[in-house]
Structure formats: C-alpha cells, structure tokens
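Asker: Once you've had a glance at the structure underneath, I'll fire off some questions.
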Amino acid sequence: DTGVSQDPRHKITKRGQNVTFRCDPISEHNRLYWYRQTLGQGPEFLTYFQNEAQLEKSRLLSDRFSAERPKGSFSTLEIQRTEQGDSAMYLCASSLSNSYNEQFFGPGTRLTVL
Amino acid sequence: AQSVTQLDSQVPVFEEAPVELRCNYSSSVSVYLFWYVQYPNQGLQLLLKYLSGSTLVESINGFEAEFNKSQTSFHLRKPSVHISDTAEYFCAVSGAGGTSYGKLTFGQGTILTVHP
Numbered sequence: 001d002t003g004v005s006q007d008p009r010h011k012i013t014k015r016g017q018n019v020t021f022r023c024d025p026i027s028e029h030n031r032l033y034w035y036r037q038t039l040g041q042g043p044e045f046l047t048y049f050q051n052e053a054q055l056e057k058s059r060l061l062s063d064r065f066s067a068e069r070p071k072g073s074f075s076t077l078e079i080q081r082t083e084q085g086d087s088a089m090y091l092c093a094s095s096l097s098n099s100y101n102e103q104f105f106g107p108g109t110r111l112t113v114l
Numbered sequence: 115a116q117s118v119t120q121l122d123s124q125v126p127v128f129e130e131a132p133v134e135l136r137c138n139y140s141s142s143v144s145v146y147l148f149w150y151v152q153y154p155n156q157g158l159q160l161l162l163k164y165l166s167g168s169t170l171v172e173s174i175n176g177f178e179a180e181f182n183k184s185q186t187s188f189h190l191r192k193p194s195v196h197i198s199d200t201a202e203y204f205c206a207v208s209g210a211g212g213t214s215y216g217k218l219t220f221g222q223g224t225i226l227t228v229h230p
C-alpha cells in the first residue's frame, strides 16, 4: 500500500500523559499537513511542513503540541500533558507542491483522553 | 482567511432519488474548491475538485458540483443516489496560488443517508 499511513490507529491515555503519533506520507510528497477532527465537525488545520521545514502553525496548536519532520519524510505529532479536550481524530495528509497540491489523507489516529 | 458553511448537517433520501448537498464559502482571495467523502470507518477521499475553467466538475461515480462565484457556492449534486453513497461529505476550500500552501478549510460535514 503506497498511501498515507498513521500509527497508532487508536490511542487511549490518561489525562496528563504524553502521547506521540506518527505519519508516513506518500514517498514523493514533500508537503505534509496535520489536521484535527472532533465529533460532528470537519477537520481543522493544525500545522504544515514543506520538506523538513514547519512553515505554518494554527493558533489551535497550543504550547503542549509539537510537530516535527526531521528528514523531510515521516512526521511526528506530540501532545504533552494531555487534557480531555484533546480527544479527537488526528489526521495527516500529504501532497506534492504543484499548483493545487491535492492532499491525500491517512486513516487518522483516534485519541481518547480519560 | 477562508470559511466554509455546509447548510445541512444531515440529508436523508431514498435510493434512486436526486440529492443536493449545499456548500457556501467566503474568501478574500481566489480559491480552489473540493468535496471530500468519508465512508464509515474509512479515511477522507477526494471526490471532486474545482481549480479553474469549466464551472461544472464531475466525479467518476456520478456526482457533480458547480462553482458559482457570484453566490460563492459549490453545491454537490447527484441525480440518482445508491445505498453505497451513504457517507459523510465535506466541502473544503484552499487559497489559490500565492503563499496559501494549500491549507484546507473544511465545512462541518453533511451526513448523507440513503434509505432503500
């Protein structure tokens, strides 16, 4: 399968714990995006990478959130000191940097904070 | 900045009936428009897109959407739906060109339920 993959698919954690999610984009895609989707809402943009550079971060991304893409390939999203409000589906997407960059989405990681 | 409003959160229809899912957007710049579909327990898939040119765009499974710049709308239609079209549909917009980087702004989603 050459699509976008995310790991883990599900994560249950206790409030206050740290969690880390991984995204592997389509191999030739140099753009990578993270979105968050809560129940009954559409995905909301969190952050964006072009190669290894993080070029934009949403105001939704508090200081407890950090994302990296160290070699311009896979990316990680870490949430420190999780809160119940962090419970959501975290989506990763990748694209080429062409004129309209169609984004291909992974299956998501569902986070539940107890 | 852009915003998207999907006017219906749920649309129930009977099989073989026509359907329209409504989407309005606002933006201060030129935009690209997209419809994504999310089938139960699956990830988001691109259904169709408007980039430029003809304002009517079609998908391979019979959906079509029309870009109406004056009404800032991009409604999704299908003349005859199937049970398998049951899914959640998201309208999305991104800035066209410049420094937008293709960040997508999504609507709230419309759950289409097709009944036999």
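Sequences listed follow chains A and B, in order.
Heads up: the first sequence runs through residues 1 to 114, numbered per the numbering used here.
Heads up: the second sequence runs through residues 115 to 230, numbered per the numbering used here.
Note that the Cβ used here is the ideal one computed from N, Cα and C, for glycine as well.
Remember, it's a predicted structure, so these values are computed and weren't measured experimentally.
1. Candidates B:Ala131, B:Ala179, B:Gly167 and B:Gln116: which alpha carbon is nearest threonine 227 (chain B)'s?
2. Work out the CA separation of arginine 64 (chain A) and arginine 22 (chain A) for me, nearest whole Å.
3. Assuming leucine 160 (chain B) contacts phenylalanine 148 (chain B) (C-beta within less than 8 Å), just tell me the rounded distance between them.
4. Step through the CB atoms of chain B and report whether any lies within less than 8 Å of the CB of asparagine 101 (chain A).
5. Pick out whichever of B:Lys163, B:Gly216 and B:Tyr164 has its Cα sitting closest to the Cα of leucine 124 (chain A).
6. Helix, strand or coil: how does DSSP classify aspartate 24 (chain A) here?
7. Leaving out the 5 sequence neighbours to the left and right, which residues in its chain are closer than 6 Å to glycine 72 (chain A) when beta-carbon positions are compared?
8. If we count the other Cβ atoms within 10 Å of its Cβ and call it buried at 16 or more, is leucine 77 (chain A) buried or exposed?
9. Taking buried to mean at least 16 other C-beta atoms within 10 Å of its own C-beta, is leucine 91 (chain A) buried or exposed?
10. Put aspartate 63 (chain A) into one of helix, strand or coil per three-state DSSP.
11. For serine 66 (chain A), which residues of its own chain have a beta-carbon under 7 Å away from its beta-carbon, when the five flanking residues on both sides are left out?
12. Short of 8 Å Cβ to Cβ, which residues in the stretch 45 to 58 of chain A face chain B?
Answerer: Put simply:
1. B:Ala131
2. 17 Å
3. 6 Å
4. yes
5. In the structure displayed, chain A extends from 1 to 114; residue 124 (chain A) sits before or after that span and is not available.
6. strand
7. Asn51 and Glu52
8. buried
9. buried
10. coil
11. Glu78
12. Phe45, Tyr48, Gln50, Leu55 and Glu56
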